[in-house]
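There are 2 protein chains.
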Amino acid sequence: MAGTNKTVPSVTGGPVVILVDPQLGENIGMVARAMLNCGLSELRLVRPRDGWPNEAAVAAAAGADLVLDGARLYDTTAAALADLNRVYATTARARDLVKHLVTPRQAAAEIRGALAAGERAGLLFGPERAGLTNDDLSLADTLLAVPLNPAFASLNLAMAVLIVSYEWFQVAGETAREIPPRRRESGGQAPAAKAELMSFFARLEAALDETGFLYPPAKRPGMVRNQRNLFQRLAPTDQDLRTLHGIVSALRGAKRRS
Amino acid sequence: MAGTNKTVPSVTGGPVVILVDPQLGENIGMVARAMLNCGLSELRLVRPRDGWPNEAAVAAAAGADLVLDGARLYDTTAAALADLNRVYATTARARDLVKHLVTPRQAAAEIRGALAAGERAGLLFGPERAGLTNDDLSLADTLLAVPLNPAFASLNLAMAVLIVSYEWFQVAGETAREIPPRRRESGGQAPAAKAELMSFFARLEAALDETGFLYPPAKRPGMVRNQRNLFQRLAPTDQDLRTLHGIVSALRGAKRRS
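For the protein sequence lines, the chains are S and D, in the order given.
Reading the first sequence from the start, the letters are residues 547 to 804 in my numbering.
Reading the second sequence from the start, the letters are residues 547 to 804 in my numbering.
Printed below as a string of structure tokens:
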């Protein structure tokens, strides 16, 4: 279902907003409004429950039609992230994941640097009640948590999008201040597009399935998530992925060349 | 109607939120939720259109009952502000008023200083469509405008309250924002001792020598450096190294377990 709509450039060239399994059309509309309030326009929807287009979304968008009209649909989170170099996944709960965790303000500064370096960035939001699954989180580079009253931290979906988008807009509007791209994580090069990383995952996991490493089946999902989180943290460049592919091939190929 | 309800102290001792002529109960409920998300609890209502208490407000508050239960009613804006030392009036439009104009971030910092000096502060919001009247604005010390996309700046009432409250909470809860930079690379766990990392390198490189990957000899040093830099950048924890050892072992062991 991807790629059927025309591409609408972001008003500020800002990050893409991706909603995974959004339920109420009204919430999608409020998200669109919050995005456009903050100069963002590129919305992606993964399996919207009530179908698309959605009249309730239009009513709630209060005129942010250009965001809804340009929204693109995807069947999987992985497909929705394929062309992005850097992905932030929002989470309300502290998770036992080995991953970089930032506030919206820190994310905004990082994204500004990334975009200045020619990367594409995305903000990933889960469904209204459940939030993102661990599998979806494992596709992101970084976790993003809004600092809120710990005794009452449950934020409406559109409110969460608003806070993150608002912080982006505050940073995007500061033309004077220079925020250098985070170079050290990728040695000066941009992280590879997520599609390349997914392709490495597929290769690695196929090889490990072949050897019986991802066994028994009940443990496989957790092992796969663990590995993916580990390599996501590396934020590999295209060159890094070539190296890693080379290593996997070499280790699988039992033949000695010497 | 003022003063009939019991006083509820603010969770953070923060500013009071005053809604003038709010229309939909649902919006009042969403305001209560946004306030409590950000540690604010003292709500005042001037002439709520649909009366008070309001069932739609309770439903939309999503559990922020303590804010609604403690809300106080007033007949005039002046009465609602009577005990406050410093009042910020939100406005979307640039008005022809000779008044101090600040952003929510600036307001939060100012309010923090005012409260520390023993003052009481309030945030004044107008009705959903019209916003505050000039008469109401004239009761405030300072105008507050949220920096937003000038082409689409109309913010839902609860969204406006959220942004201002959120900025307050960021200033009030400075400790919540502190995320030490070293921790983020390993998600709270310490990177493994370098000896463990070296041991992994030795293992990986021996395996790759065996397969003939690090060949020809003239290129070996550069290839090894490249790989080592890649895994150094990951700053692997002990658990990460166990995972990586497992992967290498599995890829080398050609035997299928299944």
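Yeah, the Cβ is synthetic: ideal placement off N, Cα and C, and Gly gets one too.
| Asked | Found |
| --- | --- |
| Inter-stretch contact (C-beta, 8 Å, three-pair minimum) for the segment 651-659 of chain S and the segment 619-628 of chain S | no |
| Terminal residues of the alpha helix (DSSP H) in which Arg771/S lies | Arg766 to Leu780 |
| Where Gly575/D sits in the DSSP three-state scheme | helix |
| Cβ distance (whole Å) where Ala741/D is taken to contact Asp784/D below 8 Å | Between Asp784/D and Ala741/D the Cβ distance is about 11 Å, and since that is not below 8 Å, they are no contact. |
| Assigned exposure category for Pro555/S - 16 Cβ within 10 Å defines buried | Confidence in Pro555/S is poor, its pLDDT being 37 and thus under 50, which makes the residue's placement unreliable; the coordinate value appears in the next sentence. The residue is exposed, with fewer than 16 neighbouring Cβ atoms inside 10 Å. |
| As assigned by DSSP and simplified to three states, the class of Val707/D | helix |
| Proximity winner among Val592/S, Gly559/S and Thr757/S, relative to Leu661/S (alpha-carbon distances) | Gly559/S |
| Bridge partners - Arg590/S, DSSP secondary structure assignment | Ile564/S and Arg618/S |
| Between the CA atoms of Ala605/S and Ala686/S - distance to the nearest angstrom | 32 Å |
| heavy atom of the ligand GDP below 8 Å from Ala663/S C-beta | Absence of the ligand GDP from the depicted structure is noted, as is the absence of any ligand whatsoever, leaving it without description. |
| Spatial distance of Val707/S from Arg779/S (CA atoms) | 24 Å |
| Neighbouring residues, chain S, relative to Met744/D (Cβ below 8 Å) | The premise fails here: Met744/D is roughly 17 Å from chain S at the closest Cβ pair, so nothing lies under 8 Å. |
| Closer than 9 Å to chain D by CB, Tyr634/S | no |
| Residue range of the unbroken alpha helix (DSSP H) whose run includes Leu787/D | Asp784 to Arg798 |
| C-beta contact flag for Leu678/D and Ala718/D at 9 Å | no |
| Buried or exposed (CB count within 10 angstroms, at least 16 for buried), Ala764/D | exposed |
| Complete runs of the alpha helix (DSSP H) confined to the segment 630-698 of chain D [at least 4 residues] | 650-662 and 680-683 |
| Backbone CA spacing between Val770/D and Arg774/S [nearest angstrom] | 23 Å |
| Own chain partners of Glu676/S with C-beta closer than 7 Å, once the 5 adjacent residues on each side are dropped | Inspection of the sequence shows that residue 676/S is occupied by Ala rather than by Glu. Answer for Ala676/S: no residue qualifies. |
| Nearest neighbour of Leu670/S, chosen from Asn600/S, Arg590/S and Phe746/S [CA to CA] | Arg590/S |
| The segment 778-794 of chain D: positions lying closer than 9 Å to chain S by Cβ | Arg779, Leu780, Ala781, Pro782, Thr783, Gln785, Asp786, Thr789, Leu790, Gly792, Ile793 and Val794 |
| Spatial distance of Glu665/S from Val562/S (CA atoms) | 12 Å |
| With 16 other Cβ atoms within 10 Å as the buried cut-off, status of Val566/S | buried |
| Proximity test, Cβ basis, 9 Å: Arg493/S and chain D | Chain S is shown from 547 up to 804; residue 493/S falls before or after that span and cannot be answered. |
| DSSP-derived helix/strand/coil call for Asp755/S | helix |
| Close Cβ partners of Ala736/S (< 7 Å) along its chain, the five nearest in sequence each way excluded | Asn631, Ala663, Gly664, Glu665 and Thr783 |
| Cβ-based contacts, 9 Å cut-off: residues of the segment 668-699 of chain S near chain D | Thr688, Leu689, Val692, Pro693, Leu694, Asn695, Pro696, Ala697, Phe698 and Ala699 |
| Exposure label - Asp682/S; buried when at least 16 CB within 10 Å | buried |
| Distance CB(Phe715/D)-CB(Asn695/S) smaller than 9 Å | yes |
| Whole-angstrom C-beta distance between Ala602/D and Leu614/D, which should lie under 8 Å | In fact, because the Cβ distance is near 11 Å, the residues do not count as touching under 8 Å. |
| Nearest neighbour of Pro594/D, chosen from Leu787/D, Ile793/D and Gly672/D [CA to CA] | Gly672/D |
| Contact belief for Thr637/D with Leu701/D at Cβ below 8 Å, rounded distance in angstroms | Actually they are not in contact, since the Cβ atoms of Thr637/D and Leu701/D sit about 11 Å apart, beyond 8 Å. |
| Contact list for Gly616/S against chain D, beta-carbon separation under 7 Å | Going along chain D, no residue has its Cβ under 7 Å from Gly616/S, so there is no contact; the nearest lies around 14 Å. |
| Leu582/S (DSSP reduced to helix, strand or coil) | helix |
| Residue-chain proximity (Ala662/D, chain S), Cβ-Cβ < 9 Å | no |
| Reference His537/D; option with closest CA among Glu751/D, Phe746/D and Leu776/D | Residue 537/D lies beyond the range of chain D shown here (547 to 804); nothing can be said about it. |
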